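Asks:
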Amino acid sequence: MEATVRVSRPVLQLTLALVKPDAVAHPLILQAIHQKILENNFIIVTNRDLTWSREASQTFYSQHSGRFFYQRLVEFMSSGPLRAYILAHEDAIRHWRKIMGPTQVCCARYTAPHTIRGSYGLTDTRNSTHGSDCPESASRELATFFPEFSEGAWAASGHSRGDFLYHTERQVHLVRSREAE
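The sequence shown maps to residues -2 to 178 in this note's numbering.
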């Protein structure tokens, strides 16, 4: 089933969005986050559910090694299922980070209560979501979670400027074919 036709857009930026185990454990929260992504006009290029090994979590968060929260973060991120998304939007990284809200849940609850973390975050570690912080991180993180995906091929195919349809059953956007018009 297809619905919600998108209009042509300027070049889209890609970002990684992770829904962490604390949110995935609650189907209604997971669905609310998915809905928030759609309401904010992101293109969902693809998504996948996965469970991370402790080693994969350590590698991903290696820049935090030695910090007081590192071990807690590694254990938490490998404690249950995650949902990973590739999102596209004009200025996707900044826009996704704004929707997530501050990392510190206590700040998010007071300064940004309508953000994802303000609404669903439990602690600074169990704060529901992760997002890339810059284009270089986004490229590295997308390759970690979606090794079969090629940013270059996606952009070269014209998808970064395409019209999209939302496929409700698959919960992703599909490029609208010109032949369908």
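Yeah, the Cβ is synthetic: ideal placement off N, Cα and C, and Gly gets one too. Treat the numbers as computed from the prediction; the structure is a model and nothing was measured.
Span of the beta strand (DSSP E) holding L11?
Replies: L11 -> beta strand (DSSP E) spans Q10 to V16.
Asks: Closest to R51 by CA distance: which of T43, R137, I30 and M74 is it?
Replies: When only C-alpha atoms are compared, the closest one is M74.
Asks: Where C131 and A109 are concerned, what is the direct C-alpha to C-alpha distance, given to the nearest angstrom?
Replies: Approximately 21 Å between the Cα atoms of the pair.
Asks: Inspect the beta-carbon positions of F142 and A81 and report whether they are closer than 7 Å.
Replies: A contact, by the Cβ cut-off of 7 Å.
Asks: Just mark D181 as buried or exposed, buried being the case when its beta carbon has 16 or more other beta carbons within 10 Å.
Replies: Nothing in the structure corresponds to residue 181, since the chain is present only between -2 and 178.
Asks: Distance check for S154 and F65, CA to CA, integer angstroms please.
Replies: Rounded to the nearest angstrom, the two C-alpha atoms are 44 Å apart.
Asks: Who are the near neighbours of V21 in its chain, counting only those whose CB is closer than 7 Å to its CB and skipping five residues on each side?
Replies: Correct list, in chain order: L27, G77, P78, L79 and R80.
Asks: Secondary structure at L25, three-state DSSP: helix, strand or coil?
Replies: Helix, per DSSP.
Asks: Quick one: which unbroken alpha helix (DSSP H) runs of 4-plus residues sit fully inside the stretch 53 to 85? Chain order, please.
Replies: Here the runs fully enclosed are 67 to 74.
Asks: Which residues does DSSP list as the beta-bridge partners of F161?
Replies: The partner list for F161 (beta bridge, DSSP) reads V172.
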